[in-house]
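Novice: Final position of the sequence shown in UniProt numbering is 268; the numbers increase by one with none missing. Yeah, the Cβ is synthetic: ideal placement off N, Cα and C, and Gly gets one too. Please read through the structure below; I'll follow up with questions.
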Amino acid sequence: MRHASRPVLDGTRGAVAVHEWPHPAPRFLALLAHGYGEHAGRYGALAAVLTGQGAAVYAPDHLGHGGSAGERVLIEDFEDLVTDLHAVADLARAAHPGLPLVLFGHSMGGLVAARYAQRYGSEPAALVLSAPVIGAWALPGRLLALPEIPDTPVSPAALSRDPAVGASYAADPLVWHGPMKRPTLEAFARALETVAAGGAVGALPVLWLHGDADRLVPMAGSRPGVERLGGRLTERIFPGARHEVFQELERARAVAELTGFLEAVLPR
1 MRHASRPVLD GTRGAVAVHE WPHPAPRFLA LLAHGYGEHA GRYGALAAVL TGQGAAVYAP
61 DHLGHGGSAG ERVLIEDFED LVTDLHAVAD LARAAHPGLP LVLFGHSMGG LVAARYAQRY
121 GSEPAALVLS APVIGAWALP GRLLALPEIP DTPVSPAALS RDPAVGASYA ADPLVWHGPM
181 KRPTLEAFAR ALETVAAGGA VGALPVLWLH GDADRLVPMA GSRPGVERLG GRLTERIFPG
241 ARHEVFQELE RARAVAELTG FLEAVLPR
């Protein structure tokens, strides 16, 4: 499967690298929003699942991440990421007009995708949220209360019980392995409030997947945000799973839940 990655868009604050996993005759478009500190290149396995279902897959590296412009992991306003994601959707639709659009957001990308669904409610055909940062996420407030942000990177072991996943993450030069930055934490806090006040997404089909042993984005904190977002919700919780259910020991079940959901909600 061909995978192209190149800076193709002028984003809100600089060049945005867009990963594309094409399909010769797609029946839908999939737009992926990755998590904090990582990059869309980590989603090749998920993209393969989606192209296998007939998707043309597009995924930007967010501002300050991966191959995109900006100071590393510095985000001053999450609305910029939503705007950039919408520009990628426009790119996809120009290449494949008339196809339904599925949004997929993991962790921080879940916050971006949820806000996209609020801002552009008539556009998505479905929304998939994996361990989304919405609802009551305590980390920003806890860190912002400190006089200095501790130099504590994301623990690779928190991602999955599969040690190969953590080892790959730790060795990836495009992953940020340093501390969070105060402006980014402040932007997280504002964006959480914005999504909380942004209203429900109507009858949009929503799939929520979460591991109940997720220490990075605890399931109990995400639940009120997911329920407030509304939509026609399908909830799938994975006992014992950590932050990345599509890279966990139960990845086959997570894939089956995703593909079953998409077959149910997308037109044939």
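Excluding sequence positions up to five away, which residues of its chain have a Cβ less than 6 angstroms from the Cβ of GLY109?
Specialist: Counting from 1 along the sequence shown, the entry for residue 109 is found at position 109. Closer than 6 angstroms at Cβ, skipping near neighbours: ALA33, HIS34 and GLY35.
Novice: Assuming LEU204 and ALA69 form a contact by the criterion Cβ under 8 angstroms, report the distance between their Cβ atoms to the nearest whole angstrom.
Specialist: Locating residue 204 in the sequence shown gives position 204, where the first residue counts as 1. Locating residue 69 in the sequence shown gives position 69, where the first residue counts as 1. Between ALA69 and LEU204 the Cβ distance is about 31 angstroms, and since that is not below 8 angstroms, they are no contact.
Novice: Which complete beta strand (DSSP E) runs does the region 27–88 hold, if anything under 3 residues is left out?
Specialist: 28–33 and 55–60
Novice: Just the Cα atoms here: how many angstroms apart are LEU146 and ARG182?
Specialist: Taking the first residue of the sequence shown as 1, we reach residue 146 at position 146. Taking the first residue of the sequence shown as 1, we reach residue 182 at position 182. C-alpha separation (whole angstroms): 10 angstroms.
Novice: Evaluate contact between the region 130–146 and the region 242–258, counting only Cβ atoms and requiring at least three cross-stretch pairs below 8 angstroms.
Specialist: yes
Novice: Could you work out which residue in GLY66, SER168, ARG93 and GLU71 is closest to ALA56 when comparing CA atoms only?
Specialist: Walking along the sequence shown from the start, residue 56 turns up at place 56. Proximity to ALA56 across GLY66, SER168, ARG93 and GLU71 peaks at ARG93, based on C-alpha coordinates.
Novice: Between the region 150–159 and the region 168–185, are three or more C-beta pairs nearer than 8 angstroms?
Specialist: yes
Novice: Rounded to whole angstroms, what is the Cα-Cα separation between ARG251 and GLU263?
Specialist: The residue you call residue 251 lines up with position 251 of the sequence shown. The residue you call residue 263 lines up with position 263 of the sequence shown. So the two alpha carbons sit approximately 18 angstroms from each other.
Novice: From the DSSP output, read off the bridge partner residues of SER130.
Specialist: For the purposes of this step, residue 130 is taken as the residue at position 130 of the sequence shown. In the DSSP output, where bridge partners are listed per residue, SER130 has HIS106 and LEU209.
Novice: What span of residues does the beta strand (DSSP E) with PHE238 cover, start to end?
Specialist: Stepping through the sequence shown from its first residue, residue 238 is reached at position 238. Unbroken beta strand (DSSP E) run through PHE238: 232–238.
Novice: So, is GLU193 buried or exposed, given that buried needs 16 or more other C-beta atoms within 10 angstroms?
Specialist: Counted from its first residue, the sequence shown places residue 193 at position 193. Classification of GLU193: exposed, given that the 10 Å Cβ count is below 16.
Novice: Pick from GLY225, LEU249, GLU148 and TRP176: whose alpha carbon is nearest that of PRO163?
Specialist: Numbered from its first residue, the sequence shown carries residue 163 at position 163. Here the closest residue by C-alpha is LEU249.
Novice: Please name the residue in VAL165, TYR43, ALA125 and VAL217 whose C-alpha comes closest to that of VAL102.
Specialist: Translated into the one-based positions of the sequence shown, residue 102 becomes position 102. Checked all of VAL165, TYR43, ALA125 and VAL217; the closest Cα to VAL102 is ALA125.
Novice: Name the residue from VAL175, GLY14 and VAL49 whose alpha carbon lies nearest to the alpha carbon of LEU29.
Specialist: As a working mapping, residue 29 is identified with position 29 in the sequence shown. Answer by Cα proximity: VAL49.
Novice: So within the region 126–176, which uninterrupted alpha helix (DSSP H) runs reach at least 4 residues, ignoring any that extend past its ends?
Specialist: The qualifying runs are 139–144 and 163–171.
Novice: With burial defined as no fewer than 16 other Cβ atoms inside 10 Å of the residue's Cβ, what is the status of GLY98: buried or exposed?
Specialist: Within the sequence shown, residue 98 is the residue found at index 98, counting from 1. GLY98 is exposed by the Cβ-count criterion.
Novice: Quick one: using the 10 Å Cβ neighbour count with 16 as the cut-off for buried, is ARG13 buried or exposed?
Specialist: Residue 13 sits at position 13 when you count from the first residue of the sequence shown. ARG13 is buried by the Cβ-count criterion.
Novice: Smallest Cα separation from LEU174: which of ALA95, GLY52, PHE261 and GLY64?
Specialist: The count along the sequence shown starts at 1 and reaches residue 174 at position 174. Distance check between LEU174 and each of ALA95, GLY52, PHE261 and GLY64 places GLY64 closest, using alpha-carbon atoms only.
Novice: Give the DSSP bridge partners of VAL16, in chain order.
Specialist: Within the sequence shown, the letter at position 16 stands for residue 16. LEU9, per the DSSP bridge assignment.
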